[in-house]
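2 protein chains.
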Amino acid sequence: MYSIGALSRQSGVKVPTIRYYEERGLLPEAERTAGGQRRYDADGLSRLRFIKHARDLGFSIEAITGLLELQAHPDASCQSARSIAVGQLSDIRLKIAQLSALERELNRIAEGCDGSSTTRDCYVLASLNDHALCVSDHSLKQLGRP
Amino acid sequence: MYSIGALSRQSGVKVPTIRYYEERGLLPEAERTAGGQRRYDADGLSRLRFIKHARDLGFSIEAITGLLELQAHPDASCQSARSIAVGQLSDIRLKIAQLSALERELNRIAEGCDGSSTTRDCYVLASLNDHALCVSDHSLKQLGRP
DNA sequence: GTAATTGCTCTAGTCGCTAGAGGTTCAAGA
DNA sequence: TCTTGAACCTCTAGCGACTAGAGCAATTAC
């Protein structure tokens with residue numbers, strides 16, 4: 001049996017985050033000692049590792065909840081799991097595309113200024129003042145969590 | 147003179163967001179009518195457009211505050227403006243690199259599953275359960291606002 | 001004059017944590 | 001067995017950049 005601190009070291013997930021996951025329902029309510037401290041077994045550890053891995057890959061808490069539910073039904077079709085993953089992949093691709101447009105624009109803006117003039121003549125500031133100087137469309141709308 | 151709604155239409159920034167910018171000090175406190183409603187002039191509009199453009203390029207409120215201060219001193223060197231832009235550019239490049247690593251990994255995982263088996267045998271779920279199946283290192287740590 | 005629209009402030013919620021206060025329990029050594 | 005100190009507990013608040021809604025006041029158009 002692991003204490004929450006031991007679980008944290010084993011998983012690489014911080015202690016308050018583990019409690020947060022429990023609160024959010026990703027982890028079941030942990031068993032407690034007589035004194036009220038949480039205790040975990042190997043199952044708890046592997047579930048937490050699953051969660052951490054999914055979070056590292058950018059899945060939202062909601063998506064992970066879905067994946068965990070799917071895992072609880074081993075005979076169900078894995079179509080849903082695949083579509084959650086594919087959805088996440090396309091979210092990431094969209095974000096990359098948006099950030100790349102930003103990168104191009106910002107690079108162009110930064111290259112236009114060598115830092116040697118005054119702010120009055122600064123190309124960075126001029127660009128921000130005048131959208132017409134921009135080449136591409138850049139908008140981060142609906143760009144949420146990575 | 148524009149009302150806040152007119153300013154919103156002209157700039158593409160939502161009304162509550164304009165009030166939020168004022169609260170955060172990006173916009174100066176607006177003049178008011180006798181009845182207490184905000185009124186803006188062309189200066190207010192161009193300042194708000196500057197802010198919106200910078201936000202669209204991913205600059206934080208803090209960075210924008212800095213840029214606006216620089217702009218208030220037209221004879222100062224624009225070195226600081228350039229370095230804010232360059233900093234933002236490198237932030238964006240880092241995020242793109244991290245997201246690209248994620249994309250590769252997630253693509254690999256999604257390709258390993260055609261959705262035709264059961265969750266018991268699903269490669270998506272198996273991958274999340276076992277980090278060892280992963281090819282690259284993926285971690286979104288310190289990936290904040292786009 | 002009246003009705004519709006727009007505006008005001010204030011509070012609370014979003015996401016996924018993180019930090020801190022103030023108190024309790026556990027494990028190891030004497 | 002006792003003591004110490006580390007680890008644990010709950011609860012609240014904060015981050016960033018908004019967004020949503022309640023409940024009321026001002027403006028504008030007819």
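Those protein sequence lines, which keep their order, are chains A and B. The first sequence begins at 1 in the working numbering and counts up by one. The second sequence begins at 147 in the working numbering and counts up by one. For every residue, glycine included, the Cβ atom is placed at its ideal position computed from N, Cα and C.
Can you find the residues in the same chain that come closer than 6 Å, C-beta to C-beta, to residue i, ignoring five residues on each side of it along the sequence?
i, result
"A126 of chain A", "none"
"R254 of chain B", "none"
"S3 of chain A", "none"
Going by the CB atoms, is the gap between residue j and residue i shorter than 7 Å?
i, j, result
"G204 of chain B", "L94 of chain A", "no"
"A30 of chain A", "R19 of chain A", "no"
"A231 of chain B", "A132 of chain A", "no"
"L68 of chain A", "A81 of chain A", "no"
"L45 of chain A", "Q10 of chain A", "yes"
"I197 of chain B", "L235 of chain B", "no"
Against chain B, with Cβ distances strictly below 7 Å, would residue i count as a contact?
i, result
"I96 of chain A", "yes"
"E103 of chain A", "yes"
"I92 of chain A", "yes"
"P74 of chain A", "yes"
"Q10 of chain A", "no"
"S60 of chain A", "no"
"L194 of chain A", "Outside the shown range of chain A, which is 1 to 146, sits residue 194 of chain A, and nothing can be said about it."
"T119 of chain A", "yes"
"G87 of chain A", "no"
"R82 of chain A", "yes"
"A54 of chain A", "yes"
"M1 of chain A", "no"
"V124 of chain A", "yes"
Ordered along the chain, which non-local residues of its own chain (more than five positions away) have a Cβ less than 7 Å from that of residue i?
i, result
"R24 of chain A", "I61"
"D187 of chain B", "M147"
"D202 of chain B", "none"
"R47 of chain A", "L27"
Looking only at its own chain, which residues have a Cβ that is under 8 Å from the Cβ of residue i, when we skip the five neighbours before and after it?
i, result
"D276 of chain B", "none"
"G233 of chain B", "A209"
"G158 of chain B", "K198"
Whole angstroms are fine: how far does the CA of residue j sit from the CA of residue i?
i, j, result
"V124 of chain A", "H53 of chain A", "40 Å"
"P16 of chain A", "C113 of chain A", "45 Å"
"A218 of chain B", "T119 of chain A", "9 Å"
"R195 of chain B", "T33 of chain A", "58 Å"
"S262 of chain B", "S77 of chain A", "7 Å"
"G66 of chain A", "I92 of chain A", "18 Å"
"G151 of chain B", "A6 of chain A", "55 Å"
"C268 of chain B", "M1 of chain A", "29 Å"
"P220 of chain B", "Y21 of chain A", "51 Å"
"V35 of chain A", "P28 of chain A", "Rather than Val, the amino acid found at residue 35 of chain A in this sequence is Gly. Going by the C-alpha atoms only, they are around 19 Å apart."
"S8 of chain A", "K14 of chain A", "5 Å"
"S100 of chain A", "S246 of chain B", "11 Å"
"S229 of chain B", "L128 of chain A", "15 Å"
"I242 of chain B", "D43 of chain A", "35 Å"
So, helix, strand or coil for residue i, using DSSP?
i, result
"S116 of chain A", "coil"
"E175 of chain B", "coil"
"R184 of chain B", "strand"
"S273 of chain B", "helix"
"R291 of chain B", "Bear in mind that a pLDDT of 36 at R291 of chain B, under 50, signals an unreliable position, so the number given afterwards is only what the model happens to contain. In this structure, R291 of chain B counts as coil in the three-state DSSP scheme."
"S223 of chain B", "strand"
Determine whether the Cβ of residue i lies closer than 7 Å to any Cβ atom of chain A.
i, result
"Q217 of chain B", "yes"
"L172 of chain B", "no"
"G190 of chain B", "no"
"G261 of chain B", "yes"
"A278 of chain B", "no"
"L245 of chain B", "yes"
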